[in-house]
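Chemist: Provided herewith is a single structure, encoded as structure tokens, for subsequent inquiry.
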Amino acid sequence: MRNETARHDITVIGGGLAGVCAAIAAARLGRSVALVTNRPVLGGNSSSEVRVWVCGATGHGHHRYAREGGIMGELFVENQFRNPDGNPYYWDAVVLDAVRAEPNLTLHLNTDVREVEAHGPDDARTITAVTGWTMGSERLIRFESGLFLDCTGDGLIGALAGARHRIGREARAEYGESWAPDVADDITLGSTLLFYTKDAGHPVKYVPPDFAKDISTTSIPQRRIIKAADNGCAYWWIEFGGELDTVHENERIRDELWSVIHGIWDHIKNSGEFDADTMTLEWVGSVPGKREYRRFLGDYVLHQGDILGQTEFADRVAFGGWSIDLHPPQGMYAAESAARQRYADGVYHIPYRSLYSVNTGNLLFAGRNISASHVAFGSTRVMATCATIGQAAGTAAALCAAHGVQPRALDVRELQRTLLREDASLMGIPAGDPTDLAPHATVTASSTRTALDIGTDEATEAWPLTADAGLVLPADPRIGGLELLVDAARDTELVVELYDPVLGQNYVPRELVTSVTVPVAAGAAQWVKTGLDWAPDTPRNAFVLVRADDALALHTVAHPTPGVLAMTRVPLRPQDERPQPLREWTERGLARRTYCLRHGPTAAYAPEKAVDGFARPYAGPHMWVSRPLRDTGGAAWLRLDWPEPVPLHRLDVLADDDVNEDLINLHHHRTPHDTMPTLLRDYRIESRQPDGTWQVLTRVTGNRRRRRTHLLPQPSVVSAVRIVVEATNGAASAHVVALRAYAPER
């Protein structure tokens, strides 16, 4: 056995996606980082050991333009390229490669931390070291750091250090949460085991083990959906342990879950109710996927009102969007439905004050153990959200280490600027980066999309108005002159309403602006003027609602347009307790399609959008979009000119990875593109020479990433630079979300 000491600026304990993103974030900012996990693979519940979908703010596509950015976004996009069919082992490799790419990061797999050294009074604790045991190599390692991140999920490190925390449900009155119980209790969400099956191509018998449960004696066959072809997370409802201690009774919970999995498979194979003669079990999990245990207390406790009310925290550092998703304590044995869900109208914000300990000065946390009530945790617990919280916490730790301050004393605005510089998942805050030279330049382009004319000269497909239709457009600077391409089976009227979604991250109707009724004569493919006119004070998302009429059909084209959405309304069941616009308005059948329309001028795609400090859609698409490359000689450029020459060392290019496309790591759905078509494929960056010619500084071919950082071989003094886009990965036009320019660091 070896005794070792490892000294780093920051120690991150927990190798789930929260810990992975925290460690990568801190390492990229120049800090030395130890990432310590007790599992043989990274990814936590998303790994090949457990195989849970990485869900996040999109809510499986309910929220628009909500897919996470930053490090989690990189993982999504890279996995889509390498692993579009959702192989869990390929996903393991994507995550491991991302960690091993960071030279400042030291990874310790199979290392179980069970000892924590901490001192100080109860209200002012400090962690000095943690000790981990690496079983396979018999190494006892003492990790010393100035800052520690508990990303263990269960919160063991903070608990051993004396950090204040809670387990269970708060009383309704504590935070005014309608979904909380009247009286506080220790009930949590349970744990789940999953299984995979396959068709062996020949008859396969199944002899159940003695421990298999006879599920016919339970309510499972009547209350839950069982299908022979379902796999993995389709059986998320195989959940147990909410009324037990999900940590200390983990093995009891695992055994019960095993018994039910084999009982379900026995039911599928031997009941005679399923066509499963050639089916066999391919994989059964052995590590329960835990949902909930300790939740730490920070300076702020996120609660139900913050999520549904979309509280705009001044110190926001991440966002979420999964529904408040609470399960009955009895799990798979519950008489009621397996989940109760409530969505906000758009994504919500997560404050920095919920990411550090209220009483342990050098402890931050990320993942499902952040400072949130049980009800709010019902949303923040999903892994892509945990990952974005991880990047925020890791970035904060790096800045604390650089400035020699504790988390509570960190300048939050500097944290936000740093996160935005690193392309992290913040919503509605411009970068305001004083080190970026691009906003001080004059921005021009070879061409720009200046009008919203969609489907005017393309093959179209009719969409019958059997239900209300929704159309989202950027109102920048106004909505005016909108025309729709309509079929009318008889003389009728087109009823159109214009709504303001109010918040920049929302894409559902909230406040009615105006309503118009337009007579329509019988006829096919006719352009109908709506007469809508709206000039908001600031750019907005405008929601145009077209009322259902069985005599009418709108036309659609088979390509998306940035900032434009086509939706249809599917009303919820009458028994639902209150309206949820986000669930009613869906892109079902309309994904990657757009209603045909003609509209007046728009500034939504102007060159200046690439330097406005926003790096994702918010009250508009926030990107420069060129005219189609086929119309511009096969290339398009975006240019920065400074009034005086500036020293230049680095250029960052942020391309459009279409954050409206719902990507996932495993097998929930298959996205058709391995590489997002909107991403730049081939481009070059050039500087203008004194004689007016352009010198190529760097050239990129075959790009499949959103963010590319280009370090110039030698710092140069330049008066103008441009990015020349030669090809995309399929989109007709060049899309540049941001072009940033930095001087050499002093």
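Throughout the sequence shown, residue numbering follows my numbering, covering 297 to 1042 in sequence. Glycine is no exception: its CB is placed at the ideal position from the N, C-alpha and C atoms.
Curious, which full-length alpha helix (DSSP H) runs of at least 4 residues does the segment 333 to 398 contain?
Modeler: Listed in chain order, the complete alpha helix (DSSP H) runs (minimum 4 residues) inside the segment 333 to 398 are 366 to 378, 384 to 396.
Chemist: Could you check if M297 belongs to the surroundings of the ligand GTP, using beta carbon to heavy atom distance under 7 Å?
Modeler: You won't find the ligand GTP in this model; it holds no ligand whatsoever.
Chemist: If you count every other CB in all the chains shown that lies within 10 Å of the CB of E754, and 16 or more means buried, which is it?
Modeler: The residue is exposed, with fewer than 16 neighbouring Cβ atoms inside 10 Å.
Chemist: Using only CA atoms, which one of E370, G365, H404, G340 lies nearest to P384?
Modeler: The candidate whose alpha carbon is nearest that of P384 is G340.
Chemist: From Y648 to L711, what does the alpha carbon distance come to, in whole angstroms?
Modeler: Taking the straight line from one Cα to the other gives about 9 Å.
Chemist: Where does Q518 sit, in a helix, a strand or coil, going by DSSP?
Modeler: Q518 falls in the helix class under three-state DSSP.
Chemist: Would you mind stating whether S669 and F592 have Cβ atoms separated by less than 8 Å?
Modeler: Contact flag unset, no.
Chemist: So, for M431: in the same chain, excluding its five sequence neighbours on each side, which residues have a beta-carbon less than 8 Å away from its beta-carbon?
Modeler: So the list reads N406, D408, once near-sequence residues are dropped.
Chemist: Please classify P815: does DSSP put it in a helix, a strand, or coil?
Modeler: Of the three classes helix, strand and coil, the one that applies to P815 here is strand, per DSSP.
Chemist: Indicate the three-state DSSP secondary structure (helix, strand or coil) for R889 in the structure shown.
Modeler: In the structure shown, R889 sits in coil (DSSP, three-state: anything other than H, G, I, E or B).
Chemist: What three-state label does DSSP hand W475 in the structure shown?
Modeler: W475 falls in the coil class under three-state DSSP.
Chemist: When the distance is taken between beta carbons, is A689 closer than 8 Å to D602?
Modeler: No.
Chemist: Under 8 Å by Cβ, that's how I've got A314 and A662 pegged, so tell me the actual separation to the nearest angstrom.
Modeler: So it is a contact: roughly 4 Å between Cβ atoms.
Chemist: Indicate whether the contact test is met: 3 or more Cβ pairs, each with one atom in the segment 604 to 620 and one in the segment 527 to 547, closer than 8 Å.
Modeler: Too few Cβ pairs lie closer than 8 Å, so no.
Chemist: Note the first and the last residue of the continuous beta strand (DSSP E) segment covering V1014.
Modeler: First-last of the beta strand (DSSP E) with V1014: 1003 to 1024.
Chemist: Leaving out five residues on either side along the sequence, give the residues of the same chain with a beta carbon under 6 Å from the beta carbon of Q637.
Modeler: S619, D621, listed in sequence order.
Chemist: Just the Cα atoms here: how many angstroms apart are H980 and P941?
Modeler: Checking the displayed sequence, the identity of residue 980 turns out to be Arg instead of His. The straight-line gap from Cα to Cα measures roughly 21 Å.
Chemist: By how many angstroms is the C-alpha of D845 removed from the C-alpha of D908?
Modeler: Rounded to whole angstroms, D908 to D845 spans 41 Å at the Cα level.
Chemist: Output yes or no for whether 8 Å exceeds the beta carbon distance between G585 and V346.
Modeler: In this structure, V346 lies closer than 8 Å to G585 by Cβ.
Chemist: Pull up the CB-CB distance for L828 and T857, whole angstroms please, since I reckon it's below 8 Å.
Modeler: Contact flag wrong, Cβ pair sits at about 18 Å.
Chemist: Taking F910 as the reference, give the member of K825, D978, E718, A1039 with the closest Cα.
Modeler: It is E718 whose Cα lies nearest to the Cα of F910.
Chemist: Let me know the secondary structure DSSP gives P903 once reduced to three states.
Modeler: P903 falls in the helix class under three-state DSSP.
Chemist: Which of helix, strand or coil does DSSP assign to H623?
Modeler: Of the three classes helix, strand and coil, the one that applies to H623 here is coil, per DSSP.
Chemist: For W429, list the residues DSSP reports as bridge partners.
Modeler: Per DSSP, D408, L436.
Chemist: State the Cα-Cα distance for the pair L950 and R912, rounded to the nearest angstrom.
Modeler: Roughly 10 Å separates the two Cα atoms.
Chemist: In terms of residues, what are the limits of the alpha helix (DSSP H) holding Q637?
Modeler: It is not in any alpha helix (DSSP H) - Q637 instead sits in the beta strand (DSSP E) that spans 636 to 638.
Chemist: Considering Cα atoms alone, identify which of L780, M723, A763, R324 is closest to L748.
Modeler: Ranking L780, M723, A763, R324 by Cα distance to L748 puts L780 first.
Chemist: Can you give me the Cβ contacts of V842 inside the same chain, cut-off strictly under 6 Å, excluding the 5 residues immediately before and after it?
Modeler: Here the set comprises A765, V792.
Chemist: Does T852 come out as helix, strand or coil in the three-state DSSP assignment?
Modeler: Correct three-state label for T852: strand.
Chemist: Check the Cβ-Cβ distances between P417 and every residue of chain B, and say whether any is below 8 Å.
Modeler: Of the protein chains in the structure, only one exists, and it is not chain B.
Chemist: Near E413, which residues of its chain fall below 6 Å by C-beta distance, leaving aside the five closest residues on each side in sequence?
Modeler: Excluding residues within five positions, the ones whose Cβ falls inside 6 Å are T424, A425.
Chemist: Can you look up R327 in the DSSP assignment and give me helix, strand or coil?
Modeler: Reduced to three states, the DSSP call for R327 is coil.
Chemist: Can you tell me which of D970, L659, A459, Y639 puts its alpha carbon nearest to the alpha carbon of L604?
Modeler: Of the listed residues, the one whose Cα sits closest to L604 is Y639.
Chemist: Taking Cβ to Cβ, would you say A353 is nearer than 8 Å to V804?
Modeler: No, the Cβ-Cβ distance between A353 and V804 is not below 8 Å.
Chemist: Select from R995, D772, A785 the residue whose C-alpha is nearest the C-alpha of P917.
Modeler: Selected option, being the one with the closest Cα: D772.
Chemist: So, under 8 Å CB-CB, R360 and L861 are touching, yes? Tell me the CB distance rounded to an integer number of Å.
Modeler: With a Cβ gap of about 6 Å, R360 and L861 count as contacting.
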